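FYI, in my numbering the residues of the sequence shown are 664 to 933. Working notes, structure below.
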Amino acid sequence: MKKKPLRSSMFDKFTIAVAFFVITIIFITVMTIIIKGFPYIGWTFRSQEVIFAIKLSLYTASVSTVICIILAVPTAYALIKTNMPLKRFSQVLLELPLSLPYLVIGLSLLLIFSSDLGKWLNTIGFKVVFSQKGIIIAHIFVNLPFVIRIVKTAFQEVDVRLEFIARMLGATKAQSFWTVTMPLSKNTIIGAIILAWSRALGEFGATLMLVGTTRMKTETLPASIYLNMATGDMGAAMASAVILLLISAISLFLFNSLNRNSEGNRIKLY
Numbered sequence: 664m665k666k667k668p669l670r671s672s673m674f675d676k677f678t679i680a681v682a683f684f685v686i687t688i689i690f691i692t693v694m695t696i697i698i699k700g701f702p703y704i705g706w707t708f709r710s711q712e713v714i715f716a717i718k719l720s721l722y723t724a725s726v727s728t729v730i731c732i733i734l735a736v737p738t739a740y741a742l743i744k745t746n747m748p749l750k751r752f753s754q755v756l757l758e759l760p761l762s763l764p765y766l767v768i769g770l771s772l773l774l775i776f777s778s779d780l781g782k783w784l785n786t787i788g789f790k791v792v793f794s795q796k797g798i799i800i801a802h803i804f805v806n807l808p809f810v811i812r813i814v815k816t817a818f819q820e821v822d823v824r825l826e827f828i829a830r831m832l833g834a835t836k837a838q839s840f841w842t843v844t845m846p847l848s849k850n851t852i853i854g855a856i857i858l859a860w861s862r863a864l865g866e867f868g869a870t871l872m873l874v875g876t877t878r879m880k881t882e883t884l885p886a887s888i889y890l891n892m893a894t895g896d897m898g899a900a901m902a903s904a905v906i907l908l909l910i911s912a913i914s915l916f917l918f919n920s921l922n923r924n925s926e927g928n929r930i931k932l933y
């Protein structure tokens, strides 16, 4: 006797309809930027201001991402693999910035670096407020909790039995970390790097509060959009918007590719 094919329930149809509605809204939003911005793409090569914003954005995003991953890996390891004191409190504190508006983070940084600490840093040549260094610091404070959370998840998914076997074979904790934990977590960590870099490129709120938006000085791509829209220069604004959209799309593609590959490598010991 042939089995009748399962019919979609009303609930399935409802969820599919909602999904298509959401997808349609996002598709229209993205295509609007592409269609409206494509005629202005020539601005990218003609405008020194846009070229400056691209270079500054790539530089600050890359430097801040490197610093984030350097700080996030040992922090995540300490929270997951050690018996550090005040662990629960530390986890809550580290994730608190994830729920704060970026403007609040930027305001807090502005107060810190406008205090005596900021004045002392100025005397040794490390100016933060209204400088390009401030952009990097703003990116770090916005992205670091995000990267730590992803790296923590990666370390949690590593089979502790593999680490135990490595220790039984004579490996130190450091050797076990570099030969077992890191190789098994590398795809997720690389994905975190890509997402953090992409987020840094688009960060604006904290940067605005800490360094402002000065043309050809602290003008990142988001700042370029803001400044040029405020002055009615649609060409430069749309050129910056299209560039950000393209970079985000490429970053998302790379992240999804790594996610697919990580499933097959998760239990493989290098």
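Heads up, the beta-carbon is just placed ideally off N, CA and C, and yes, glycines get one too. Computed from a prediction, not measured in an experiment: that's the story for all the values here.
A863 is a Cβ neighbour of S727, given a cutoff of 8 Å. In this structure, DSSP gives D896 a state outside helix and strand, which the three-state scheme calls coil.
Shortest Cα-Cα distance from C731 to any of N806, S710, S848 and F918 involves N806. DSSP places F867 in the coil class of the three-state scheme, outside both helix and strand.
Per the C-alpha coordinates, the member of L873, K836, I799 and I698 positioned closest to P737 is K836. By the Cβ neighbour-count rule, T870 is buried, with 16 or more other Cβ atoms within 10 Å of its own. Measuring C-alpha to C-alpha distances from S839 to each of F818, V792, K750 and V874 identifies F818 as the nearest. In this structure, A829 and V713 do not form a Cβ contact; the two beta carbons are roughly 51 Å apart against a cut-off of 8 Å. Across the structure, L772 and A801 are spaced so that their CA atoms are roughly 8 Å apart.
Residue burial is scored here from C-beta neighbours: N891 has at least 16 other C-beta atoms within 10 angstroms and is therefore classed as buried. Per DSSP, the continuous alpha helix (DSSP H) segment holding L772 begins and ends at Y765 to F776.
Residue T842 holds the alpha-carbon nearest to the alpha-carbon of E826 among T842, A680 and I856. Between A739 and K815, the C-beta spacing is below 8 Å. Taking C-beta separations shorter than 7 Å and ignoring five residues to either side along the sequence, the partners of I857 in its chain run S914, L917 and F918, following chain order.
Closest in alpha carbon position to G865, among K699, W783, I698 and L719, is L719. Looking only at I798, S725, F776 and R824, the smallest Cα-Cα distance to T844 is reached by R824. If you look at S720, you'll find it in the alpha helix (DSSP H) that goes Q711 to K744. When DSSP states are grouped into helix, strand and coil, R878 belongs to the coil group.
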